[in-house]
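Read the structure below first, then the notes.
There are 2 protein chains.
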Amino acid sequence: MQNFTYSIPTTILFGRGQIQNLGAQMRALGSRVLLCYGGSIKKSGLYQQVLEQLQQAGIAVTELAGIEPNPRIESVKRGVELCRAGDIQAVLAVGGGSVIDCAKVVAAGVSYPGDTWDIVLDATKIVHVLPVASVLTLAATGSEMDCGAVITNLQTHEKLGTHHPDMRPKFSVLDPTYTYTVSKWQTACGTADIMSHILESYFTGVQGAFVQARFCEGLLRSCIHYGPIALAQPDDYEARANLMWTSSLAINNLLSYGAEVAWSVHAMEHELSAFYDITHGAGLAILTPTWMEHVLRSGRADALAVYGTEVWGIDRDLPQADIARMAIDNTRRFFKEDLGLPGTLGEVGIDGSRLEEMAHKAAPLLATGTFVPLRYEDILAIYRASL
Amino acid sequence: MQNFTYSIPTTILFGRGQIQNLGAQMRALGSRVLLCYGGSIKKSGLYQQVLEQLQQAGIAVTELAGIEPNPRIESVKRGVELCRAGDIQAVLAVGGGSVIDCAKVVAAGVSYPGDTWDIVLDATKIVHVLPVASVLTLAATGSEMDCGAVITNLQTHEKLGTHHPDMRPKFSVLDPTYTYTVSKWQTACGTADIMSHILESYFTGVQGAFVQARFCEGLLRSCIHYGPIALAQPDDYEARANLMWTSSLAINNLLSYGAEVAWSVHAMEHELSAFYDITHGAGLAILTPTWMEHVLRSGRADALAVYGTEVWGIDRDLPQADIARMAIDNTRRFFKEDLGLPGTLGEVGIDGSRLEEMAHKAAPLLATGTFVPLRYEDILAIYRASL
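Quick mapping for you: the protein sequence lines, in order, are chains E and P.
Those letters in the first sequence? Residues 1 to 387, per my numbering, in order.
Those letters in the second sequence? Residues 388 to 774, per my numbering, in order.
Following this line, the structure appears as structure tokens:
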């Protein structure tokens, strides 16, 4: 196990009706708040509830509305200007990961004098972050409890992550009932995203990270168990609750502390989303099994076999290579059949024309520290095998 | 899953050499510090390292030495007086759970005007707690990351827990190498204590706490895997590291949030320690399998069977009752044969003479909310079956 400094100070208000604590919690962070959201919370009625809570707490609200999926740097810049103009003290995101990510970089951008895109390209330029909080409406990115944010620049075809300890939300409201109305597609993509976060930590070269590995397996099993239930029965509270709590624990550093590894599939997927604006979780579901085949070819059947027995319950007495093969097949089948996600790039409208370009962009981000090496030609082969 | 408010703000400095950060971390909490310890840190050399760190950081140190296992209220009172006399700003515990527990109640007692035993009997009387930090030398109680403390009053034969959110340490240094010199006996007792903490959360009546249950199983497997390794090879870093991190995660609320249940075995064991001053972990190892037999008699073979398949890898295709029986046998055998702990009360010098008295004391503490009911006669039967 590696040395680590554990610090996860986010307060999580989990469960039905926790919105009633929003006003008091938010007031402790500031009396002038930027409220960030996409569009759906106006339809669901959550917008009104949030506004009432903030108003009852005597908070002056400025709104940044219309934040898009794969949030754009233009939205972030709009938020930064609003914060400066309104002397905003804290930022509240109400929505899924895109809204929260946007809110985080707004909060970090206010005190940065240069072009806000700079702090996405180089997180070390972040000097001060306004307090951030969230009300979560989608179990997926884990942004509600982590330090990271992913922002898209469509002009430069870049989708990049930035992070800072102070971007971790001070508190997040996690009410599983808010996800009852999440579409089947978004539920499936969210579940694939959660699973990918876990897998990125699980496949580590660090020896002796036993506790972390067992936690990864538990959370993967939560996704495998409850993902299909949430699809079949969108208002199953336990399914939505476990998926939501799993989304937060998957990426809040609990799994990675002591077992740090450079991520593999996310960087490859971010190129797909940056070039084609596809849904992140769908891209992950397509690339993950193909990446696992690369892991197998790279001689790590051992790690895939542990994954197979502990997560999928495959018989330990089978030959290691068979278990590894079955684990990959189970993963592909789960994404495609149980979650109903696309299995190939062709199904999301991506052809072979720009694979080299994307592989060139991804390669430098994957140059060191991944579980198995991912050179340009490996990445290109994974893209091609995913067509 | 139940509603919960997650808040675990303790910073953990984990790994070899983390003591080098002690001075700076402590200085942020205060410049006049009460240093609490037992005796062993003077032998190991840790005392000198700690003192150097504090002195280099310009901290004035007052010492509370000689804190005993099953810490006594008299030691707490001595610490409270020292804090008042020295206008102490923060409390640093260097040791195992007994030292940390004592330090916590000292920190809570300073501002309490009445008899300090009052705040053990009634945690709601705690109004203000000095900041607490710890350097851990024993993987067992989890006090380094939780809100609780257990204090013994030998005059009244009471060993009782108290808790307050502000008693959770601000930071704890967890260097697994400090546990290399822990004796086989203490290593075994610590492992049993950790396992009991996990089991107390694992056997819950709350439905749908899937994530919590899988985490419990992962941590139990860590104890089962690494406990015997640490006994056989006391300086095995990965064994000591996993046991240490498991001790903290077992009881820091991660497992209990959303799955709250009143604990069973701890309250029964506390009577043994209060009457006979035996080592807590040994008492837990004796009572746990006997309590599980009571669980089985109470009709909860289902829960024991999940425990059996997921923790002990027992074949799922066997009849439920057989799996449950085997799970209990495995538990008893593990404590006795793999950890070398006593299997009966007789082995720790407890005879049948005071069982009724202890059962009378334990019964009110177990009156509501336990996994299966524990009336006076149930407790007495468990004690008797453990003789």
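Beta carbons: idealized from backbone N, C-alpha and C, even for Gly.
Name the chain P residues whose beta carbon is nearer than 7 Å to that of residue i?
i      : result
I8/E   : I395
G190/E : Within chain P, no residue comes near G190/E; the closest Cβ sits about 16 Å away, beyond 7 Å.
Identify every residue that forms a DSSP beta bridge with residue i.
i      : result
Y178/E : Answer is none; Y178/E lacks a bridge partner.
A93/E  : C36/E, S134/E
K546/P : T539/P
L451/P : C423/P
F758/P : Paired residues: none, contrary to the question.
I12/E  : S172/E, Y393/P
A262/E : T370/E
R459/P : T539/P
What does residue i reach in chain P if we use C-beta pairs closer than 8 Å?
i      : result
Q207/E : E625
L219/E : V598, R601
Quick check: what's the CA-CA separation for residue i versus residue j?
i      : j      : result
V127/E : S111/E : 7 Å
L374/E : M292/E : 12 Å
S134/E : R684/P : 47 Å
A415/P : Q476/P : 11 Å
M145/E : A192/E : 18 Å
G161/E : M167/E : 12 Å
T279/E : T141/E : 12 Å
V569/P : R741/P : 32 Å
Y37/E  : D488/P : 45 Å
A708/P : F722/P : 22 Å
E357/E : L272/E : 11 Å
I198/E : G592/P : 28 Å
I506/P : Y180/E : 44 Å
T62/E  : H550/P : 41 Å
G496/P : R465/P : 11 Å
A661/P : E724/P : 27 Å
G668/P : N717/P : 18 Å
Y307/E : D689/P : 26 Å
G299/E : E200/E : 18 Å
I251/E : L767/P : 46 Å
D765/P : R471/P : 45 Å
H225/E : G218/E : 10 Å
Q48/E  : G645/P : 28 Å
A672/P : L541/P : 23 Å
For residue i, which residues in chain E fall below 7 Å Cβ to Cβ?
i      : result
T539/P : In chain order: nothing, as chain E lies at least about 30 Å away.
T398/P : T5, Y6, S7
H612/P : F210
Below 9 Å on C-beta distance, what does residue i contact in chain P?
i      : result
M1/E   : F401, G402, P563, Y624, E625, A628, N629, W632
S222/E : F597, V598, R601
In chain E, which residues lie with their C-beta within 9 Å of the C-beta of residue i?
i      : result
Q405/P : N3, T5
L636/P : V211, F215, L254
G645/P : F14, G15, A241, W245
Take residue i as the anchor and find which of the options has the nearest alpha-carbon.
i      : options                        : result
P289/E : M195/E, H164/E, V76/E, V91/E   : M195/E
E269/E : F215/E, I382/E, A327/E, E260/E : I382/E
L523/P : G501/P, G466/P, V437/P         : V437/P
R240/E : E200/E, S44/E, Y178/E          : Y178/E
L304/E : D317/E, I286/E, M326/E, G283/E : M326/E
W699/P : R719/P, V682/P, G686/P, H681/P : R719/P
L82/E  : Q53/E, K42/E, L34/E            : L34/E
K125/E : S143/E, A232/E, V105/E, G352/E : V105/E
V560/P : S7/E, S386/E, Q48/E            : S7/E
C147/E : L138/E, K170/E, L154/E, A363/E : K170/E
Q573/P : A526/P, L479/P, G417/P         : A526/P
K429/P : P500/P, G484/P, G453/P, A494/P : G453/P
Y202/E : L254/E, T152/E, R384/E         : L254/E
P131/E : E52/E, T10/E, E74/E, V295/E    : T10/E
Within 7 Å: the Cβ of residue i and any heavy atom of the ligand NAP?
i     : result
G30/E : Looking for the ligand NAP in the displayed structure turns up nothing, as the structure carries no ligands at all.
Checklist entry - What are the start and end residues of each continuous alpha helix (DSSP H) run of 4 or more residues lying completely inside the region 167 to 232 of chain E, in chain order? => result 184 to 202, 210 to 232
Checklist entry - Curious, which full-length alpha helix (DSSP H) runs of at least 4 residues does the region 289 to 362 of chain E contain? => result 301 to 312, 320 to 333, 355 to 362
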